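K.L.:
Shown next, in the form of structure tokens:
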């Protein structure tokens with residue numbers, strides 16, 4: 123399972139860099155500043171959590187008796203829901219997507235808390 127999260131982290135990091143370059147070179151002159159800023163927030167959190175998948179993969183190897191798989195899926199879900207909704211909202215102007223964005227944020231927050239809890243539990247064994 124750790125290989126899956128290394129691959130996902132690598133591919134999602136690639137996409138984050140590509141989207142950041144796309145935004146900087148093609149979107150900035152075309153989007154209003156407020157929508158451009160929304161897109162940038164999506165890229166930032168996308169990239170942070172893509173890198174976090176490497177930590178999840180490391181934890182899976184380091185603490186094989188604990189399941190960190192749910193943490194990885196929470197981070198991936200957060201990227202898709204949080205960042206994805208911000209991308210679509212900034213490119214289309216569909217404002218109701220802002221109601222979906224916090225679900226992705228909850229995925230990120232839950233992932234970080236669960237990661238800490240699982241490491242703590244593993245240290246107690």
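In our numbering, the protein residues as written are 123 to 247. No residue lacks a Cβ here, since even glycine has one placed at the ideal position from N, Cα and C. Computed from a prediction, not measured in an experiment: that's the story for all the values here.
1. Given a cut-off of 7 Å, decide if residue 237 and residue 193 are closer than it, judged by their beta-carbon atoms.
2. For residue 224, which of helix, strand or coil comes out of DSSP?
3. Can you tell me whether DSSP reads residue 153 as helix, strand or coil?
4. Assuming residue 207 is part of the alpha helix (DSSP H), what are its boundary residues?
5. For residue 201 versus residue 171, is the C-beta spacing smaller than 7 Å?
6. Counting only the same chain and skipping the five closest in sequence on each side, list residues whose C-beta sits under 6 Å from that of residue 226.
7. With a cut-off of 8 Å on the beta carbons, I'd call residue 149 and residue 136 a contact; round off their distance for me.
8. So, is residue 124 buried or exposed, given that buried needs 16 or more other C-beta atoms within 10 angstroms?
9. Could you work out which residue in 233, 165, 177 and 243 is closest to residue 144 when comparing CA atoms only?
10. Can you tell which of 229, 240, 133 and 214 has its C-alpha closest to the C-alpha of residue 187?
P.N.:
Answer, in terms of the structure:
1. Taking the chain shown and counting its residues from 1, the one referred to as residue 193 is at position 71. Taking the chain shown and counting its residues from 1, the one referred to as residue 237 is at position 115. In this structure, residue 237 lies closer than 7 Å to residue 193 by Cβ.
2. Here residue 224 is taken as the residue at index 102 of the chain shown, counted from 1. Helix, per DSSP.
3. Numbered from its first residue, the chain shown carries residue 153 at position 31. In the structure shown, residue 153 sits in coil (DSSP, three-state: anything other than H, G, I, E or B).
4. The sequence position of residue 207 within the chain shown is 85, counting from 1. Counting along the chain, the alpha helix (DSSP H) containing residue 207 begins and ends at 206-214.
5. In the chain shown, counting from the first residue as 1, residue 201 sits at position 79. In the chain shown, counting from the first residue as 1, residue 171 sits at position 49. Yes, Cβ-Cβ distance for residue 201 and residue 171 is below 7 Å.
6. Locating residue 226 in the chain shown gives position 104, counting from the first residue. Answer for residue 226: 200, 203 and 204, listed in chain order.
7. Stepping through the chain shown from its first residue, residue 149 is reached at position 27. Stepping through the chain shown from its first residue, residue 136 is reached at position 14. In fact, because the Cβ distance is near 18 Å, the residues do not count as touching under 8 Å.
8. Position 2 of the chain shown, counted from the first residue, corresponds to residue 124. Under this definition residue 124 is a buried residue.
9. Reading the chain shown from its first residue, position 22 is the one you call residue 144. It is 165 whose Cα lies nearest to the Cα of residue 144.
10. Counted from its first residue, the chain shown places residue 187 at position 65. Among 229, 240, 133 and 214, the Cα nearest to that of residue 187 belongs to 240.
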